[in-house]
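Step one of this worksheet: look at the structure below.
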Amino acid sequence: MATRELPMVASRNFLGGAFSFKRDQLGFLAGGIREHGDLFQFRPLGLPMVMVNHPDHIRHVLVDHDDRYDKDASLFRIVRPVLRDGLIAITDKKRWRRQRTMMAPHFTPRTVRNFAPNMTDETLLMLRRWEARPEPEAPLNVTDEIGQLALRIVNRSLFSADVSAAAMAFERAFSDANDLLGAFFRLPFPPLTWPTVRRRKLRAAIGAMDDFISGVLQQRLNSTEQEPADLLTLLMHSVDDDGHEMDLEQLHHDVLNLCIGAFETTTNALSWSLYLLARHPEAEKTFHAEIDSILADRVPTFDDLPELPYTRMVIDETLRIYSPAYMTMRRAMVDDEIAGYRIPANSNVLINSFLLHRHADFWSDPDAFIPERFLPERVAERPKHAYVPFGSGPRVCIGKHFALTELVMALATIGRTHRLVLGEGAPAVEPEPLITLHPRGGVRLQAVRRFQD
Ligand code: HEM
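Numbering (the working numbering), first residue to last: 1198 to 1650.
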């Protein structure tokens, strides 16, 4: 059978829907799905984009025919000035494979287990800081608090370092870059090479993140003390098949990519999970019953994870509703065909997990928070690629085990002693689709002790 042309989202002018996409990216794509189904094309400012929204097609691109696609797509071109040749955005497949092979052994559950105490210790310190405030129950910007927590955890695990002040500068710089690049993704004009205020701000943000990474790397290289048992030591001594270590530039880029990959995604996931529990008292009750019965007055350990299935389902459902890395993209390296439709070479193939995770064929009442969707028997009823918060295929998130361990451990540690509650008449928090899916204005909640001393 001859291949057909993909349906095109109609546009009234040569801008190809660029302004609708800028105004409301998720609404624009949801409209395309309503009108054309799971496969369609659109051309904002002439850029060839193909939306794929069916699990089979996502498996086709990310897994089965990953050799026909690479990351030289417009999204990664936009973030490359920040991420450079680190693992997230690197395009060259041979170089990517070398780096991934060197790094992967340090992100297995066995290695992540060593970092679990950092996750609970830092969460306990955060709770103590909340308690030490003059008014412990005053509202908190939970997203800022969890942002600090996520950075402290990743810094301790990567660098064994307490780099709180520098970490705050990193957080601000990342947030600026996320805002600037998110806006640029929605409307890629004027080019980032033009001498605009936006470019100046982006350069400053990249400079601040680089200074942070250079600082910790130099400190380690100049240190005469015994090397600590952290991820940086492991990465510095990783060798490729020819016995070569990473050079300093590569190490810098990969460490930066790990910090970026680990920071906003986990921050958003934990903030949203606390927000969803605050809005769903029944689920919160079930969550408390589980941690009370398993932990009693103990802090969770890595070995408790299999005993906390409901806590894990709360995290899984949060990652469904508010998928933090909600979009990714691939470039078709060659002409391809999906479900009888022609995918021309150089198309930017867009996968949007915010919309996929609401696909009517696989999720009933998709906006409702129902952790039980992730009971093993319910998971078995769905195609695997209906749910891809960590991506899939060779480029699946390397930090998946780290993230899931951190999220379950931190949520259980907080829930042991504290409830987070919405203030009287607090408005719903809206998701803001930047490069990651950010809670607009941050999640604001009050921390209330569950038991009085
Ligand atoms: C809830 C937390 C997280 C989510 C939702 C998430 C999501 C993702 C997704 C969807 C991808 C694949 C992107 C693509 O296919 O284009 C990815 C890749 C990646 N993530 Fe994560 N991530 C999380 C946490 C982490 C953590 C904790 C780290 C580091 C410790 C990390 C480091 C990376 C890196 C380095 C890559 C690139 C992997 C490669 O291309 O080989 N992520 N992440």
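Ideal placement from N, C-alpha and C gives every residue a C-beta, glycine not left out.
Determine the contact status of T1462 and P1521, defining contact as a CB-CB distance below 8 Å.
Start at 1 with the first residue of the sequence shown, and residue 1462 comes out as number 265. Start at 1 with the first residue of the sequence shown, and residue 1521 comes out as number 324. Closer than 8 Å, so yes.
Looking at P1252 and the ligand HEM, is the gap between the Cβ and the nearest heavy atom below 7 Å?
By 1-based counting over the sequence shown, the position of residue 1252 is 55. Checking the Cβ of P1252 against the ligand HEM gives no.
What do you reckon, is the C-beta of A1600 under 7 Å from a heavy atom of the ligand HEM?
Mapped onto the sequence shown, residue 1600 falls at position 403. Because some heavy atom of the ligand HEM lies under 7 Å away, the Cβ of A1600 counts as near it: yes.
For a test of the three-state rule: what should DSSP assign to E1424, helix, strand or coil?
Counting from 1 along the sequence shown, the entry for residue 1424 is found at position 227. The answer is coil: DSSP assigns E1424 none of H, G, I, E or B.
Report whether the distance from the Cβ of P1636 to the nearest heavy atom of the ligand HEM is below 7 Å.
Stepping through the sequence shown from its first residue, residue 1636 is reached at position 439. Not so, every heavy atom of the ligand HEM lies at least 7 Å from the Cβ.
List in chain order: all unbroken alpha helix (DSSP H) runs of 4+ residues lying wholly within the region 1566-1611.
Taking only runs of at least 4 residues, the alpha helix (DSSP H) segments lying wholly in the region 1566-1611 are 1573-1577.
Taking 8 Å as the threshold (C-beta atoms), are L1608 and T1464 in contact?
The sequence position of residue 1464 within the sequence shown is 267, counting from 1. The sequence position of residue 1608 within the sequence shown is 411, counting from 1. Not in contact: T1464 and L1608 (Cβ atoms no closer than 8 Å).
Pull up the CB-CB distance for G1590 and V1339, whole angstroms please, since I reckon it's below 8 Å.
Position 393 of the sequence shown holds residue 1590. Position 142 of the sequence shown holds residue 1339. Going by Cβ atoms, the distance from G1590 to V1339 rounds to 33 Å, so no, they are not a contact pair.
DSSP state of A1529, grouped into three classes?
Mapped onto the sequence shown, residue 1529 falls at position 332. Strand.
Identify every residue that forms a DSSP beta bridge with E1629.
As a working note, residue 1629 is residue 432 in the sequence shown. For E1629, which the question treats as bridged, DSSP gives the partners H1635.
What residues in its chain sit with their C-beta under 7 Å from that of G1229, if we drop five residues either side in the sequence?
Counting from 1 along the sequence shown, the entry for residue 1229 is found at position 32. Contacts found: V1206, F1237, F1239, M1248.
Measuring straight from C-alpha to C-alpha, what distance separates E1629 and I1255?
The residue you call residue 1629 lines up with position 432 of the sequence shown. The residue you call residue 1255 lines up with position 58 of the sequence shown. Answer to the nearest angstrom: the Cα atoms are 24 Å apart.
Taking the beta strand (DSSP E) that I1287 belongs to, which residues open and close that run?
The residue given as residue 1287 occupies position 90 in the sequence shown. Per DSSP, I1287 belongs to no beta strand (DSSP E) and is neither H nor E.
Using a Cβ distance threshold of 8 Å, determine whether the region 1630-1646 contacts the region 1481-1499, with at least three qualifying pairs required.
The region 1630-1646 vs the region 1481-1499: no contact.
Count Cβ pairs between the region 1443-1456 and the region 1423-1434 that sit closer than 8 Å; are there 3 or more?
Counting Cβ pairs under 8 Å, three or more are found: they touch.
Run through the DSSP bridge pairs and tell me what A1644 is partnered with.
By one-based count along the sequence shown, residue 1644 stands at place 447. According to DSSP, which records beta bridges pairwise, A1644 is partnered with L1617.
Going by other Cβ atoms of all chains shown within 10 Å of its Cβ, with 16 needed for buried, is R1637 buried or exposed?
Locating residue 1637 in the sequence shown gives position 440, counting from the first residue. It is exposed - the Cβ of R1637 has fewer than 16 other Cβ atoms within 10 Å.
Exposed or buried, what is L1572 when buried is set at 16 or more other beta-carbons lying within 10 Å of its beta-carbon?
As a working mapping, residue 1572 is identified with position 375 in the sequence shown. Exposed, because fewer than 16 other Cβ atoms sit within 10 Å of the Cβ of L1572.
So, with DSSP's three-state summary, where would you put N1352?
The residue given as residue 1352 occupies position 155 in the sequence shown. Helix, per DSSP.
What first and last residue would you give for the alpha helix (DSSP H) that runs through Q1416?
Numbered from 1 along the sequence shown, position 219 holds the residue referred to as residue 1416. Element bounds for Q1416: 1394-1419.
Given 7 Å as the limit, tell me if P1521 has its C-beta closer than that to any heavy atom belonging to the ligand HEM.
By one-based count along the sequence shown, residue 1521 stands at place 324. Yes, the Cβ of P1521 comes within 7 Å of a heavy atom of the ligand HEM.
Going by DSSP, what residue range makes up the alpha helix (DSSP H) through V1279?
One-based indexing of the sequence shown puts residue 1279 at position 82. That run of the alpha helix (DSSP H) goes 1271-1280.
If H1251 and D1235 are in contact, beta carbons under 8 Å, what's the gap, nearest whole angstrom?
In the sequence shown, the residue the question calls residue 1251 occupies position 54. In the sequence shown, the residue the question calls residue 1235 occupies position 38. About 4 Å; that satisfies the 8 Å criterion.
I need the straight-line Cα distance from I1512 to E1479, nearest angstrom please.
Here residue 1512 refers to the residue found at position 315 of the sequence shown. Here residue 1479 refers to the residue found at position 282 of the sequence shown. Looking at the two C-alpha atoms, the distance is approximately 16 Å.
If you compare alpha carbons, which of D1264, R1295, F1599 is closest to H1441?
Position 244 of the sequence shown, counted from the first residue, corresponds to residue 1441. When only C-alpha atoms are compared, the closest one is R1295.
Around the Cβ of A1557, are there at least 16 other Cβ atoms within 10 angstroms (buried) or fewer (exposed)?
Reading the sequence shown from its first residue, position 360 is the one you call residue 1557. So A1557 ends up on the exposed side.
Can you give me the C-alpha to C-alpha distance between T1390 and I1410, rounded to a whole angstrom?
For the purposes of this step, residue 1390 is taken as the residue at position 193 of the sequence shown. For the purposes of this step, residue 1410 is taken as the residue at position 213 of the sequence shown. In a straight line, the C-alpha of T1390 is about 24 Å away from that of I1410.
Suppose the cutoff is 8 Å on Cβ atoms and the five residues either side in sequence are ignored; what does the same chain contact list for D1437 look like?
Numbered from 1 along the sequence shown, position 240 holds the residue referred to as residue 1437. So the list reads R1295, T1298, M1299, once near-sequence residues are dropped.
With a threshold of 7 Å on Cβ separation, who are the neighbours of T1317 within its own chain once the five nearest residues in sequence on each side are excluded?
Position 120 of the sequence shown holds residue 1317. Excluding sequence neighbours, T1317 sits near V1496, P1497, M1606, T1610.
Return yes when the C-beta of F1587 is under 7 Å from any heavy atom of the ligand HEM, and no when it is not.
Within the sequence shown, the letter at position 390 stands for residue 1587. Yes - the ligand HEM has a heavy atom lying nearer than 7 Å to the Cβ of F1587.
Per DSSP, R1539 forms a beta bridge with which residues?
Within the sequence shown, the letter at position 342 stands for residue 1539. Per DSSP, E1534.
DSSP three-state label for L1203, please.
The sequence position of residue 1203 within the sequence shown is 6, counting from 1. Coil.
Near R1570, what residues of its chain come up, given a Cβ to Cβ distance below 7 Å and the 5 sequence neighbours on each side ignored?
Here residue 1570 corresponds to residue number 373 of the sequence shown, with the count starting at 1. Cβ neighbours of R1570 beyond the five flanking positions: E1514.
Taking the straight line between their C-alpha atoms, what separation do you get for R1307 and R1349?
Counting from one through the sequence shown, the residue named residue 1307 turns up at place 110. Counting from one through the sequence shown, the residue named residue 1349 turns up at place 152. Going by the C-alpha atoms only, they are around 21 Å apart.
By the DSSP assignment, the alpha helix (DSSP H) with Q1222 in it spans what residues?
Translated into the one-based positions of the sequence shown, residue 1222 becomes position 25. Taken as a continuous stretch (DSSP letters only), the alpha helix (DSSP H) holding Q1222 covers 1222-1233.
Any heavy atom of the ligand HEM within a distance shorter than 7 Å of the CB on A1199?
Along the sequence shown, read from residue 1 onward, the residue named residue 1199 stands at position 2. Incorrect: A1199 has no Cβ contact closer than 7 Å to the ligand HEM.
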